[in-house]
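Taken in order, these protein sequences are the chains called A and B.
Quick note: the first sequence uses UniProt numbering, first residue 1, plus one each step.
Quick note: the second sequence uses UniProt numbering, first residue 1, plus one each step.
Beta carbons: idealized from backbone N, C-alpha and C, even for Gly.
Everything numeric in this text was worked out from a predicted model, so none of it was measured.
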Amino acid sequence: MGIWKKTLTTAAVATLLMTQAASAENVKIALLVKALGIGFFEAAAKGAEEAATELGDVEIIYTGPTSTTAEGQIEVINALIAQGVDAIAISANDPDAVAPALKKAMDRGITVISWDSGVAPAGRQMHLNPSSSALIGNTIIKLAADHMPDGGDVAILSATSTSTNQNIWIEEATKVLPNYPGINLVATVYGDDLADKSYREAQGLMSTYPNLKAIIAPTTVGILAASQAVTDAGKIGEINVTGLGLPSEMAGAVESGATVSFAIWNPIDLGYSATMIAYNLHKGTATAAPGAAIPMGRMGSATLDDNNEAAMSDPFTYDKSNIAEFKSIF
Amino acid sequence: MSILKHREALLALAILLLVGVVAARFPAFVRPGNLANVFNDTSPLILLAIGQMIVILTKCIDLSMAATLALCGMVAALLNGAGVPLPLILVLVVVLGGLLGAVNGLLVWKLGIPSIVVTLGTMTIYRGTIFLITDGAWVNAHQMTDDFKALPRAVIAGLPVMSWVALAAIALFTVLLTRTPLGRSFYAVGGNPHAAVYTGISVGRTQFLAFVIAGALAGLTGYLWVARYAVAYVDIASGFELSVVAACVIGGVAIAGGAGSVIGTVMGALFLGVINNALPVVGISPFWQLAISGSAIVLAVAFNSAQNRPAGRIILKSVEPR
């Protein structure tokens with residue numbers, strides 16, 4: 001894997017260096033994602049391009065490692081520092097591992113913000129949460145509870161056991177559980193964001209807990225694999241798979257009924273907002289300090305809390321009624 | 001051969017023991033239906049491990065198998081999207097897999113580059129190619145036709161087609177390796193390349209054919225994988241090549257070539273398959289799961305090599321009384 005990653009990174013950097021000369025006067029904002037080739041981040045890149053078009057003097061560099069590792073992101077960060085970008089907006093694979101590299105970037109005057117999956121406070125100026133973690137935690141439980149009038153067992157199928165955002169959401173979901181009487185969280189398992197492992201874990205949940213009514217997967221690979229496992233087990237209608245997914249990927253599961261509804265914030269809005277914030281911080285039209293409100297164009301403004309974190313908006317629920325409209329967007 | 005038989009019996013015992021331990025904690029695991037599920041789930045690993053075994057027999061290794069699987073799977077999904085009929089897709093993925101294997105084989109044969117280097121390179125090239133042909137986009141369930149997704153899970157005589165494909169491959173390659181000149185030449189080339197040359201076997205050509213077979217198997221598995229999980233993206237089966245090599249090594253295939261059997265390899269794959277499927281249901285903390293499957297691999301391999309260690313040669317011995 002290492003060599004493959006390095007080769008692609010080198011190729012990416014080479015391309016970047018070539019484009020750099022062409023437009024030196026623009027504000028260069030790097031949108032650094034967890035890994036290339038993930039629908040969610042491709043959609044965020046679209047949003048970033050939209051913000052760039054609106055602002056006029058912005059050049060977006062959409063980049064990331066080829067697999068979701070902190071090591072890969074550090075290599076990319078170093079490459080970005082070397083080519084002198086003006087701002088980095090990162091969705092981190094590990095909150096602490098990338099912090100020293102990002103601190104180095106800040107020391108050289110680069111504006112650094114994190115979005116989606118956060119970085120430790122020392123490694124960024126502010127963090128933009130797609131939504132508030134509490135709200136997401138509540139949403140994923142509510143999605144399951146809404147279709148379980150008589151209550152019953154639910155289980156969570158997460159990404160890796162060390163994923164920053166999934167763990168926070170699960171923690172928040174556990175906190176609000178007492179508000180949903182009759183809903184019984186029986187297990188939390190980890191599919192590592194691999195289709196085959198997630199599928200196997202979902203199968204395991206179904207055979208371990210025969211009374212399972214819902215599988216909550218707050219990750220796009222997991223929710224898809226769980227829907228497929230439920231479909232293959234012939235348990236559509238018996239077990240509802242819900243959580244966080246992308247409309248384009250979930251359309252099949254919603255059509256078949258394996259998933260009644262699921263939620264996601266709009267990644268286009270997220271990429272757009274992150275770009276707007278990075279631009280405003282770089283230009284000095286706003287500062288990242290507790291209590292400050294940073295304008296985000298059409299998305300309003302982000303108000304920072306004591307940890308310099310802000311929430312963009314509420315997650316949005318998708319079901320049979322609107323999936324057709326959104327599946328072609330992202 | 002007796003040592004080999006011995007080792008396979010021990011491995012079978014280890015698998016039974018493992019299944020027994022799991023059954024003690026979770027009795028439903030040993031229901032025939034669930035065991036069939038475990039076999040079905042392990043089928044891709046079995047198919048790839050057989051291909052890998054043949055390559056390893058010839059003193060080579062194929063690290064590009066998972067990447068070949070991913071590329072062929074993605075091509076199958078794209079062809080399906082373009083409206084190509086399913087039988088043609090099946091033929092095309094096997095041919096494509098064979099061609100990708102042939103690239104490995106030619107580089108090893110004609111340029112004499114060590115296979116680990118060749119396949120490390122092609123592994124990244126094949127994965128990169130998926131990026132190039134898709135721009136990183138996924139092919140999702142609703143973009144695949146129903147018959148494309150249905151084939152691996154269609155049930156014939158109680159087992160899904162995917163399991164039957166694995167069983168067919170086991171039978172085919174057992175016969176090929178034990179009863180045909182080509183099969184025996186794989187062993188000859190790995191066991192003693194110089195002697196093989198004197199018997200008229202082309203070492204390079206035999207290695208080339210091993211890579212073609214491994215590639216074709218990976219290509220077919222690529223379709224099965226994508227159809228089963230109903231999703232194709234760049235990272236499918238990422239890291240799977242290591243499980244495949246592990247299955248071979250646990251199954252008693254000598255990494256130096258020339259020794260190993262299809263049945264041993266299949267049991268090595270089943271050993272890993274049982275672990276993979278048992279860990280989610282026995283309720284072990286996920287933080288322990290990786291460590292447990294890792295330790296099982298190390299233990300199995302240590303056991304194998306202890307079995308394999310040649311007895312010391314007696315060079316001085318007092319005269320025995322007559």
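(Q) So, does the stretch 26-46 of chain A touch the stretch 259-277 of chain A, judging by three or more C-beta pairs under 8 Å? (A) yes
Q. Residues of chain A with a CB under 8 Å from the CB of B/Gly20: which are they?
A. Within chain A, no residue comes near B/Gly20; the closest Cβ sits about 18 Å away, beyond 8 Å.
request  = Check distances from the C-beta atoms of the stretch 126-138 of chain B to those of chain A and list, in chain order, the residues that come in under 9 Å.
outcome  = Arg127, Gly128, Ile130, Phe131, Thr134, Asp135, Gly136, Ala137, Trp138
(message) Within 8 Å of any Cβ in chain B, is that where the Cβ of A/Glu71 sits?
(response) no
Original post:
Along the chain, where does the beta strand (DSSP E) that runs through A/His127 open and close?
Top reply: 126-129
Kindly indicate which residue of B/Arg179, B/Thr58, B/Gln52, B/Phe271 has the alpha-carbon position closest to the one of B/Tyr187.
B/Thr58
Which of helix, strand or coil does DSSP assign to A/Tyr279? helix
Within 10 Å of its beta-carbon, does B/Tyr223 have 16 or more other beta-carbons around it, so buried, or fewer, so exposed?
Residue environment: B/Tyr223 is assigned as buried (16 or more neighbouring CB atoms within 10 Å of its CB, all protein chains considered).
- With a threshold of 7 Å, establish whether the CB of A/Thr160 neighbours any heavy atom of the ligand SAM. Questions concerning the ligand SAM fall outside what the structure shown contains, since it holds no ligand whatsoever.
Notebook entry, point to check: For A/Asp153, which residues from the same chain have a beta carbon less than 7 Å from its beta carbon, with the 5 sequence-adjacent residues on both sides left out?
Noted result: Sequence-distant partners of A/Asp153 (beyond 5 residues in either direction) whose C-beta falls short of 7 Å from its own C-beta, in its chain, are Asn184, Val186, Tyr209, Asn211, Leu212, Lys213.
### Task
Starting from the Cα of B/Ala218, find the closest Cα among B/Ala102, B/Phe39, B/Ala254 and give me that residue.
B/Ala102
Checklist entry - With C-beta atoms as the reference, is B/Tyr229 less than 8 Å away from A/Ala225? => result yes
Beta-carbon within less than 7 Å of A/Leu246's beta-carbon, same chain only, minus the 5 sequence neighbours each way: which residues are those? Gly39, Phe40, Thr220, Ile264, Phe330
Range covered by the beta strand (DSSP E) that runs through A/Asn184
183-190
For this session: Return no unless some Cβ of chain A is closer than 8 Å to the Cβ of B/Tyr198.
Result: no
*Which listed residue (A/Asn179, A/Gly64, A/Lys34, A/Ala51) has its alpha carbon closest to that of A/Val27*: A/Val27 has its Cα closest to that of A/Ala51, out of A/Asn179, A/Gly64, A/Lys34, A/Ala51.
* Presumed contact (8 Å Cβ cut-off) between A/Leu32 and A/Met312, rounded CB distance -> Their Cβ separation, rounded to whole angstroms, is 18 Å, which puts A/Leu32 and A/Met312 out of contact at 8 Å.
Considering only the beta carbon of each residue, do B/Val282 and B/Val22 sit closer than 8 Å? yes
- [ ] Report the option in A/Lys175, A/Asn240, A/Ala144 whose CA atom is closest to the CA atom of A/Ser133.
- [x] A/Lys175
Could you have a look at A/Ala21 and say whether DSSP puts it in helix, strand or coil? Confidence at A/Ala21 is low in this model, with a pLDDT of 45, below 50, so the placement of that residue should be treated as unreliable; the coordinate-derived value is given next. Of the three classes helix, strand and coil, the one that applies to A/Ala21 here is helix, per DSSP.
My output table needs one value for B/Met1: the three-state DSSP class, helix, strand or coil. Residue placement at B/Met1 is flagged as unreliable, the pLDDT there being 46, under the threshold of 50; the coordinate-derived value follows with that caveat. Reduced to three states, the DSSP call for B/Met1 is coil.
Please classify A/Lys34 as buried or exposed, where buried requires at least 16 neighbouring CB atoms within 10 angstroms.
buried
Quiz prompt | Cutoff 8 Å: B/Ser238 Cβ touching any chain A Cβ | solution = yes
Starting from B/Asn34, trace the alpha helix (DSSP H) both ways and give me its first and last residue. 32-57
*asked:* With H, G and I counted as helix, E and B as strand and the rest as coil, what does DSSP make of B/Ile125?
replied: helix
Could you compute how far the alpha carbon of A/Ser23 sits from the alpha carbon of B/Asp135?
Here the model assigns A/Ser23 a pLDDT of 46, short of 50, so the residue's position is not dependable and the matter cannot be decided.
Along the chain, where does the beta strand (DSSP E) that runs through B/Gly200 open and close? It is not in any beta strand (DSSP E) - B/Gly200 carries neither H nor E in the DSSP assignment.
Enumerate, from N- to C-terminal direction, the unbroken alpha helix (DSSP H) stretches of 4 or more residues contained entirely within the stretch 87-140 of chain A.
99-107
Expected contact under 8 Å - CB spacing of A/Ala92 and A/Val98 to nearest Å
5 Å
- Anything in chain A within Cβ reach of B/Arg153, meaning under 7 Å, just list it in chain order. Asp232
>> Counting only Cβ-Cβ distances shorter than 7 Å, please list the residues of the stretch 232-254 of chain A near chain B, keeping chain order.
In response: Asp232, Ser248, Glu249, Ala251, Gly252, Ala253
* **Meets three-Cβ-pair contact criterion under 8 Å: the stretch 298-314 of chain A and the stretch 146-166 of chain A** => no
Is there a Cβ from chain B that is less than 8 Å from the Cβ of A/Thr164? no
Go through the stretch 274-330 of chain A residue by residue and report every complete run of the alpha helix (DSSP H) that reaches 4 residues or more, in order.
-> List check, alpha helix (DSSP H) in window: 323-326.
Quiz prompt | CA-to-CA distance, A/Val112 to A/Ala21, given in whole angstroms | solution = Residue confidence is low: A/Ala21 scores 45 on pLDDT, short of 50, so the model does not pin down where it sits. Its coordinate-derived value is still stated next. Near 22 Å, if we compare the C-alpha coordinates of A/Val112 and A/Ala21.
Give me the chain A residues within the contact set of B/Tyr229, using Cβ-Cβ distance strictly less than 7 Å, ordered along the chain.
Neighbourhood of B/Tyr229 in chain A, by CB distance below 7 Å: Ala195, Asp196, Tyr199, Ala225, Gln228, in chain order.
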